[in-house]
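Worksheet: one structure, shown below.
Residue numbers (our numbering): 19 to 241.
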């Protein structure tokens with residue numbers, strides 16, 4: 019298949035169109051170099067943020083339905099740090115499926131000895147840690163810190179309030195020894211560039227990391 023005709027389908031498992039718009043903006047750089055088309059979609063009937071385990075389990079079924087309805091895609095990205103339905107998705111398609119936590123963490127490990135994660139809420143951290151143990155990389159985690167206060171997924175990448183909370187968390191992680199920091203929510207992408215410039219270490223947008231991985235796989239013809 020001509021790589022220019024292939025589509026990487028980026029699935030936002032929550033119902034926030036503003037989060038999806040942020041993903042489109044964060045991924046716009048890929049369109050300048052040709053190759054596969056990147057399409058971002060929203061699951062309109064999902065909750066506005068994937069926060070609880072129930073949200074994750076429900077989102078898994080919604081995400082699988084989207085994948086089944088889009089067999090034309092050459093690769094799929096689960097654009098939620100909790101990666102809802104990753105195993106289910108891989109069981110229903112032969113095309114590659116990428117979870118953004120896995121991709122973001124792998125990029126961090128390629129850039130630094132120890133990494134940190136900024137979570138949008140305290141309740142998400144145990145779920146994230148389970149996946150790090152599954153990956154076998156938890157010993158290289160300097161720490162995971164949740165944003166202080168109550169910030170929605172949609173607002174986590176916009177405005178001064180959320181930026182200051184991200185900056186505070188990033189400084190704590192750097193003090194703990196993190197040489198690279200992963201944004202633990204797809205909605206945080208709007209603050210990545212500014213945060214990296216201010217904090218002085220790589221700040222990884224995990225959706226960008228996952229798309230870069232899919233992009234390279236498709237361009238190399240190994241999918």
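Idealized CB from N, CA, C, for every residue including glycine.
Proximal residues to residue i (C-beta, below 7 Å), its chain only, five neighbours per side dropped
i: residue 238; result: none
i: residue 122; result: 200, 222, 224, 227
i: residue 102; result: 31, 68, 74, 77, 78, 81, 96
Alpha carbon of residue i to alpha carbon of residue j, nearest angstrom
i: residue 19; j: residue 112; result: Residue placement at residue 19 cannot be trusted, given a pLDDT of 47 that sits under 50; what the coordinates show is reported in the next sentence. Spanning the two alpha carbons is a distance of roughly 15 Å.
i: residue 107; j: residue 162; result: 27 Å
i: residue 211; j: residue 71; result: 30 Å
i: residue 59; j: residue 43; result: 13 Å
Cβ shell of residue i (< 8 Å), same chain only, five flanking positions each side left out
i: residue 140; result: 164
Proximity below 9 Å, CB of residue i to CB of residue j
i: residue 146; j: residue 119; result: yes
i: residue 61; j: residue 95; result: no
i: residue 64; j: residue 32; result: yes
i: residue 156; j: residue 197; result: no
i: residue 41; j: residue 207; result: yes
i: residue 126; j: residue 203; result: no
Neighbourhood of residue i by C-beta, 6 Å cutoff - its chain only, sequence neighbours within 5 removed
i: residue 199; result: 134, 188, 191, 221
Residue i versus the options, residue with shortest Cα-Cα distance
i: residue 34; options: 103, 216, 68, 167; result: 68
i: residue 205; options: 110, 176, 121, 144; result: 176
i: residue 56; options: 92, 78, 76, 75; result: 92
i: residue 229; options: 85, 117, 90; result: 117
i: residue 24; options: 114, 76, 194; result: 114
i: residue 86; options: 213, 216, 109, 100; result: 109
Quiz item: So does the stretch 181-191 actually touch the stretch 47-57, counting three or more Cβ pairs closer than 8 Å?
Solution: no
Exercise. Count the C-beta pairs between the stretch 35-42 and the stretch 164-184 that are closer than 8 Å, then say yes if the count reaches three, no if not.
Key: yes
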